[in-house]
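K.L.:
Terminal number for the sequence shown in our numbering: 907, no gaps in between.
Structure incoming, see below.
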Amino acid sequence: MEQHDIKKLLQQVSEGALSPDEALTKLKLAPFEDIDIAKLDHHRAVRQGASEIIYGAGKTPEQIDIIAHKLFEAGQETILITRMSREAADYFQKDIPFTYYPEGRIGLVGKMMEPRHDGYIVVATGGTSDIPVAEEAALTAEILGNNVKRLYDVGVAGIHRLLSHTEEIMNARVIIAIAGMEGALASVIGGLADCPVIAVPTSVGYGTALGGVTALLSMLNSCASGVSVVNIDNGFGAGYQANLINNMGV
658 MEQHDIKKLL
668 QQVSEGALSP
678 DEALTKLKLA
688 PFEDIDIAKL
698 DHHRAVRQGA
708 SEIIYGAGKT
718 PEQIDIIAHK
728 LFEAGQETIL
738 ITRMSREAAD
748 YFQKDIPFTY
758 YPEGRIGLVG
768 KMMEPRHDGY
778 IVVATGGTSD
788 IPVAEEAALT
798 AEILGNNVKR
808 LYDVGVAGIH
818 RLLSHTEEIM
828 NARVIIAIAG
838 MEGALASVIG
848 GLADCPVIAV
858 PTSVGYGTAL
868 GGVTALLSML
878 NSCASGVSVV
888 NIDNGFGAGY
898 QANLINNMGV
């Protein structure tokens with residue numbers, strides 16, 4: 658939607674020919690920009706509260722660079738790139754603000770959004786091996802405008818490590834529980850917290866962990882109320898969902 662189209666829309670609202678809700682619907686249905694390799698949805702933030710995010714896996718470094726630059730040139734101030742390889746980060750043209758977070762394989766063009774309130778999201782892992790997935794979740798949430806507290810290596814093999822953070826758990830607005838092996842962490846946290854718990858199974862574990870399937874099934878069968886589950890290693894999905902929950906009503 659071009660500037661003159663938006664101006665015309667606002668004029669119609671001013672004249673009473675269009676209600677504010679009708680105008681908002683038209684903005685949500687605004688067209689995308691076709692650049693051959695992608696169709697850029699510049700109005701996603703209007704519809705969903707967060708602008709378009711680039712999934713880096715499967716894209717060439719050049720494709721990522723082109724898409725990110727187009728979004729930035731169109732006025733998107735915060736551009737999150739997930740599953741971005743070191744190769745793609747090294748290739749990226751640094752003529753626009755760019756930061757790479759290797760542990761979470763996250764690229765950021767522009768700036769992190771400011772948190773909208775003091776509430777925070779807890780990101781907890783069963784072990785150190787789960788940190789790459791946890792960093793994808795934590796950075797996603799931070800970039801989208803949330804305060805995040807990290808509790809790493811607090812798995813059930815040493816439950817006292819988790820219990821030493823009981824106050825932080827009980828005061829969180831959302832908790833992301835990330836674990837491989839048998840995936841028990843989510844159920845334990847779910848039994849302590851009164852907020853939504855998002856469980857993330859990871860592919861960490863020996864043979865019968867089945868690449869995260871065992872943890873996934875364990876989390877799906879959690880006896881703790883309030884636990885929902887995303888896909889294996891999907892830190893981004895958990896961070897995005899936690900952002901939606903944390904900022905509801907803001």
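Backbone N, C-alpha and C fix where the C-beta goes; we use that ideal spot for every residue, glycine too.
Please specify which runs of the alpha helix (DSSP H), each continuous and at least 4 residues long, are wholly inside the stretch 806-862, giving them in chain order.
P.N.:
Listed in chain order, the complete alpha helix (DSSP H) runs (minimum 4 residues) inside the stretch 806-862 are 816-820, 823-827, 842-847.
K.L.:
Cα-Cα, which of Ser671, Gln669, Gln720 is closest to Asp693?
P.N.:
For the purposes of this step, residue 693 is identified with residue 36 of the sequence shown, where counting begins at 1. Considering only alpha carbons, the answer is Gln720.
K.L.:
Locate the alpha helix (DSSP H) running through Leu901, then write down its first and last residues.
P.N.:
Position 244 of the sequence shown holds residue 901. Run containing Leu901: 892-903, per the alpha helix (DSSP H) assignment.
K.L.:
Could you compute how far the alpha carbon of Met905 sits from the alpha carbon of Gln898?
P.N.:
Translated into the one-based positions of the sequence shown, residue 905 becomes position 248. Translated into the one-based positions of the sequence shown, residue 898 becomes position 241. Between Met905 and Gln898, the C-alpha separation is close to 11 Å.
K.L.:
Where Gly812 and Leu819 are concerned, what is the direct C-alpha to C-alpha distance, given to the nearest angstrom?
P.N.:
Sequence index remark: in the sequence shown, residue 812 carries index 155 (1-based). Sequence index remark: in the sequence shown, residue 819 carries index 162 (1-based). One C-alpha to the other measures close to 7 Å.
K.L.:
Kindly list the residues whose CB is nearer than 6 Å to the CB of Gly909, restricted to its own chain and excluding five residues on each side of it in sequence; keep chain order.
P.N.:
The structure shown does not extend to residue 909, since the chain spans only 658 to 907, so no value can be given for it.
K.L.:
Does DSSP put Val790 in a helix, a strand or coil?
P.N.:
In the sequence shown, counting from the first residue as 1, residue 790 sits at position 133. Helix, per DSSP.
K.L.:
In chain order, what residues of the same chain lie with their CB nearer than 7 Å to the CB of Asp890, ignoring the 5 residues before and after it?
P.N.:
If you number the sequence shown from 1, residue 890 lands on position 233. Excluding residues within five positions, the ones whose Cβ falls inside 7 Å are Val790, Thr859, Ser860, Gly869.
K.L.:
Rounded to a whole number of angstroms, what is the C-alpha to C-alpha distance between Ala829 and Thr739?
P.N.:
For the purposes of this step, residue 829 is identified with residue 172 of the sequence shown, where counting begins at 1. For the purposes of this step, residue 739 is identified with residue 82 of the sequence shown, where counting begins at 1. Spanning the two alpha carbons is a distance of roughly 25 Å.
K.L.:
Relative to the alpha-carbon of Lys806, which residue among Leu796, Thr735, Gly784 has its alpha-carbon at the smallest distance?
P.N.:
Residue numbering aside, residue 806 sits at position 149 when the sequence shown is read from its first letter. Of Leu796, Thr735, Gly784, the residue nearest in Cα terms is Leu796.
K.L.:
Candidates Ile826, Gly673, Thr756, Gly776: which alpha carbon is nearest Thr782's?
P.N.:
Translated into positions along the sequence shown, residue 782 becomes position 125. The shortest Cα separation from Thr782 among Ile826, Gly673, Thr756, Gly776 belongs to Ile826.
K.L.:
By the three-class DSSP mapping on this structure, what secondary structure does Gly906 have?
P.N.:
For the purposes of this step, residue 906 is taken as residue 249 along the sequence shown, with counting starting at 1. It is coil, neither helix nor strand.
K.L.:
In the structure shown, what three-state DSSP assignment does Gly767 receive?
P.N.:
Position 110 of the sequence shown, counted from the first residue, corresponds to residue 767. Three-state result, Gly767: strand.
K.L.:
Taking 8 Å as the cut-off, does the stretch 838-855 touch the stretch 878-889 (at least 3 CB pairs, one atom from each stretch)?
P.N.:
Touching, yes, given that three or more Cβ pairs across the two stretches are closer than 8 Å.
K.L.:
Within the continuous beta strand (DSSP E) that includes Ala781, where are the two ends?
P.N.:
Residue 781 sits at position 124 when you count from the first residue of the sequence shown. Taken as a continuous stretch (DSSP letters only), the beta strand (DSSP E) holding Ala781 covers 777-782.
K.L.:
Answer with buried or exposed for Glu659, where buried requires no fewer than 16 other C-beta atoms within 10 angstroms of its C-beta.
P.N.:
In the sequence shown, counting from the first residue as 1, residue 659 sits at position 2. Only weak support is given to the placement of Glu659: the predicted model assigns it a pLDDT of 46, under 50, and the value that follows is read from those uncertain coordinates. Per the 10 Å Cβ criterion, exposed.
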